[in-house]
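Chemist: Counting along the sequence shown from 1, when you hit position 26 you're at 27 in my numbering, and nothing is skipped either side.
Glycine residues also receive a C-beta, built at the ideal position from the N, C-alpha and C atoms.
Since we're looking at a predicted model, the values are computed, not measured.
Dropping the structure in here first, questions after.
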Amino acid sequence: MKCLQLTPFLQEFIAQEHIDNHITRDVLAKLFFGMPSLRTIDFRGCSSTSFEQSFHRLVQDSWPKSLLLTQVSFHECLSVPSSVFETILPRLHQVTQLDL
Numbered sequence: 002m003k004c005l006q007l008t009p010f011l012q013e014f015i016a017q018e019h020i021d022n023h024i025t026r027d028v029l030a031k032l033f034f035g036m037p038s039l040r041t042i043d044f045r046g047c048s049s050t051s052f053e054q055s056f057h058r059l060v061q062d063s064w065p066k067s068l069l070l071t072q073v074s075f076h077e078c079l080s081v082p083s084s085v086f087e088t089i090l091p092r093l094h095q096v097t098q099l100d101l
């Protein structure tokens, strides 16, 4: 979380499976709701139980009608529940690249 707070103009966030245990609900909320310059989120290979639980908690929150992301990757994120996609995909009005 501290890294995200120190980089408010971050445009791309790329996470590998090596850090998925550290991606909490608060980190996800910061990425999706608190970084207006962010355009790319890549969770490639993140599939730990804690990552799945963090997303499950996040989809319970109120979401904006639209997300400004243009590139999103959940490639090989095998444990992400369908409720995550049901919540995120309809809000990706500007997406140009989607990797599932």
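With L5 as the anchor, note down where its beta strand (DSSP E) starts and where it stops.
Modeler: Locating residue 5 in the sequence shown gives position 4, counting from the first residue. Careful: L5 lies outside any beta strand (DSSP E), inside the alpha helix (DSSP H) at K3 to L7.
Chemist: Alpha carbon to alpha carbon, what distance is there between L90 and K3?
Modeler: The count along the sequence shown starts at 1 and reaches residue 3 at position 2. The count along the sequence shown starts at 1 and reaches residue 90 at position 89. Near 27 Å, if we compare the C-alpha coordinates of L90 and K3.
Chemist: Just to confirm the assignment: which complete beta strand (DSSP E) runs, minimum length 3, are found wholly within the segment 32-98?
Modeler: Whole beta strand (DSSP E) segments, 3+ residues: 41-43 and 72-74.
Chemist: Using a Cβ-Cβ distance under 8 Å, would L32 count as near chain C?
Modeler: No chain C is part of this structure, which consists of one protein chain only.
Chemist: When DSSP builds the beta bridges, which residues end up paired with F14?
Modeler: Residue 14 sits at position 13 when you count from the first residue of the sequence shown. Answer is I42.
Chemist: Distance, Cα to Cα, L29 vs H19?
Modeler: As a working note, residue 29 is residue 28 in the sequence shown. As a working note, residue 19 is residue 18 in the sequence shown. Cα-Cα distance, rounded: 16 Å.
Chemist: Measuring alpha carbon to alpha carbon, tell me which residue in F14, P9 and L7 is nearest L70.
Modeler: Taking the first residue of the sequence shown as position 1, residue 70 is located at position 69. Selected option, being the one with the closest Cα: F14.
Chemist: Can you give the beta carbon distance from V85 to V60, rounded, assuming they're within the 8 Å contact cut?
Modeler: The residue given as residue 85 occupies position 84 in the sequence shown. The residue given as residue 60 occupies position 59 in the sequence shown. Going by Cβ atoms, the distance from V85 to V60 rounds to 6 Å, so yes, they are a contact pair.
Chemist: Bridge partners of D100, per DSSP?
Modeler: One-based indexing of the sequence shown puts residue 100 at position 99. Looking at the DSSP assignment, D100 forms a beta bridge with S74.
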